Ligand SMILES: Nc1ncnc2c1ncn2[C@@H]1O[C@H](COP(=O)(O)OP(=O)(O)O)[C@@H](O)[C@H]1O
Ligand SMILES: [Mg+2]
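Residue numbers (the numbering used here): 331 to 578.
Dropping the structure here:
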């Protein structure tokens, strides 16, 4: 079972969009568990507006019975809701609070590994306790940047954060970056991609296209143009290959 977390300490570059689309892509062939570690619950909201506590990450952190919500034959979700904001506050006084997810994964390893090939975790734009829990169990972390000056800074900060966590918690998360909302008619996008392309941890980009902003994943969306579909599938296959390699 391979684990990938999406993070960057910046609002709106497309973390949720990527997590959702990549999970749906993998679910065409593999069994996938999606987890929503963001209290704004945008990812969960793409699937349901009525999440039971047993379907939510609260159950993991409060050590209660967890039942992933079945979305489709190959895709399950452990979601987030408004209660997660208080959940984060409750973690503040707990011992070994960084290890709650790792502990749950270890305790439930048998059925989890039987049931899932991939776990995809969406996070919020922070360096908070839930994000730390996700990062330190991950084989791969994907940082997402949209063409902007701040993005470069956020990428540097994420790189340092993941390196520090790997040190502090003997974790082995490998960080890669992708760009999102790229528009080649704008200089900002061209310059940004040129600066990213030199990095060996850069895996590729998603263009700015309305269909990528839809609630329906592009690979299931009849409105997705063929060329865009091919571009997305190529990037996702590259990311999957890296994930398979890091988790081996
Ligand atoms: N490549 C894209 N092209 C067009 N719209 C996009 C693209 N990626 C994301 N969006 C839209 O941008 C907004 C922010 O994306 P989201 O995935 O929620 O960001 P984050 O999770 O990083 O805060 C959403 O409305 C989403 O639909
Ligand atoms: Mg989000």
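We treat Cβ as the ideally placed atom computed from N, Cα and C, and that holds for glycine. Predicted model only: the values in this text are computed from it and were never measured.
Separation of residue j from residue i, as counted between CA atoms
{"i": "residue 431", "j": "residue 479", "result": "34 Å"}
{"i": "residue 447", "j": "residue 362", "result": "6 Å"}
{"i": "residue 521", "j": "residue 483", "result": "15 Å"}
{"i": "residue 403", "j": "residue 420", "result": "34 Å"}
{"i": "residue 527", "j": "residue 344", "result": "19 Å"}
{"i": "residue 341", "j": "residue 414", "result": "18 Å"}
{"i": "residue 492", "j": "residue 517", "result": "30 Å"}
{"i": "residue 435", "j": "residue 461", "result": "15 Å"}
{"i": "residue 439", "j": "residue 515", "result": "48 Å"}
{"i": "residue 507", "j": "residue 423", "result": "33 Å"}
{"i": "residue 535", "j": "residue 396", "result": "35 Å"}
{"i": "residue 574", "j": "residue 331", "result": "10 Å"}
{"i": "residue 370", "j": "residue 389", "result": "17 Å"}
{"i": "residue 571", "j": "residue 565", "result": "10 Å"}
{"i": "residue 437", "j": "residue 456", "result": "27 Å"}
{"i": "residue 368", "j": "residue 561", "result": "28 Å"}
{"i": "residue 569", "j": "residue 533", "result": "7 Å"}
{"i": "residue 418", "j": "residue 334", "result": "21 Å"}
{"i": "residue 356", "j": "residue 416", "result": "32 Å"}
{"i": "residue 577", "j": "residue 470", "result": "8 Å"}
{"i": "residue 556", "j": "residue 353", "result": "20 Å"}
{"i": "residue 336", "j": "residue 485", "result": "12 Å"}
{"i": "residue 475", "j": "residue 511", "result": "9 Å"}
{"i": "residue 387", "j": "residue 454", "result": "14 Å"}
{"i": "residue 360", "j": "residue 400", "result": "14 Å"}
{"i": "residue 444", "j": "residue 398", "result": "14 Å"}
{"i": "residue 544", "j": "residue 563", "result": "17 Å"}
{"i": "residue 285", "j": "residue 349", "result": "The structure shown does not extend to residue 285, since the chain spans only 331 to 578, so no value can be given for it."}
{"i": "residue 425", "j": "residue 433", "result": "13 Å"}
{"i": "residue 449", "j": "residue 531", "result": "21 Å"}
{"i": "residue 519", "j": "residue 358", "result": "31 Å"}
Supposed close pair residue i, residue j - CB separation, criterion 8 Å
{"i": "residue 473", "j": "residue 505", "result": "6 Å"}
{"i": "residue 547", "j": "residue 351", "result": "5 Å"}
{"i": "residue 477", "j": "residue 509", "result": "7 Å"}
{"i": "residue 538", "j": "residue 513", "result": "5 Å"}
{"i": "residue 488", "j": "residue 339", "result": "7 Å"}
{"i": "residue 452", "j": "residue 366", "result": "5 Å"}
{"i": "residue 542", "j": "residue 347", "result": "6 Å"}
{"i": "residue 405", "j": "residue 364", "result": "7 Å"}
Q) Would you call the stretch 459-473 and the stretch 419-429 touching, i.e. three or more CB-CB distances under 8 Å? A) yes
(Q) Taking 8 Å as the cut-off, does the stretch 493-502 touch the stretch 366-376 (at least 3 CB pairs, one atom from each stretch)? (A) Touching, no, given that fewer than three Cβ pairs across the two stretches are closer than 8 Å.
Q.
So, does the stretch 406-413 touch the stretch 378-397, judging by three or more C-beta pairs under 8 Å?
A. yes
(Q) Tell me which residues pass a beta-carbon proximity test against ligand 2: closer than 7 Å to any heavy atom, given in chain order. (A) 345, 346, 368, 370, 372, 373, 452 and 454
(Q) Does the structure place the stretch 548-557 close enough to the stretch 382-401 that three or more beta carbon pairs sit under 8 Å? (A) no
Q) Where in the stretch 412-475 do unbroken runs of the beta strand (DSSP E), each at least 3 residues long, occur, reported from the N-terminal end onward? A) 448-452 and 470-475
Q | alpha helix (DSSP H) runs wholly inside the stretch 355-407, at least 4 long, in chain order | A | 372-375 and 387-391
**Q.** Sequence ranges, alpha helix (DSSP H) only - wholly within the stretch 497-556, length at least 4
**A.** 517-527
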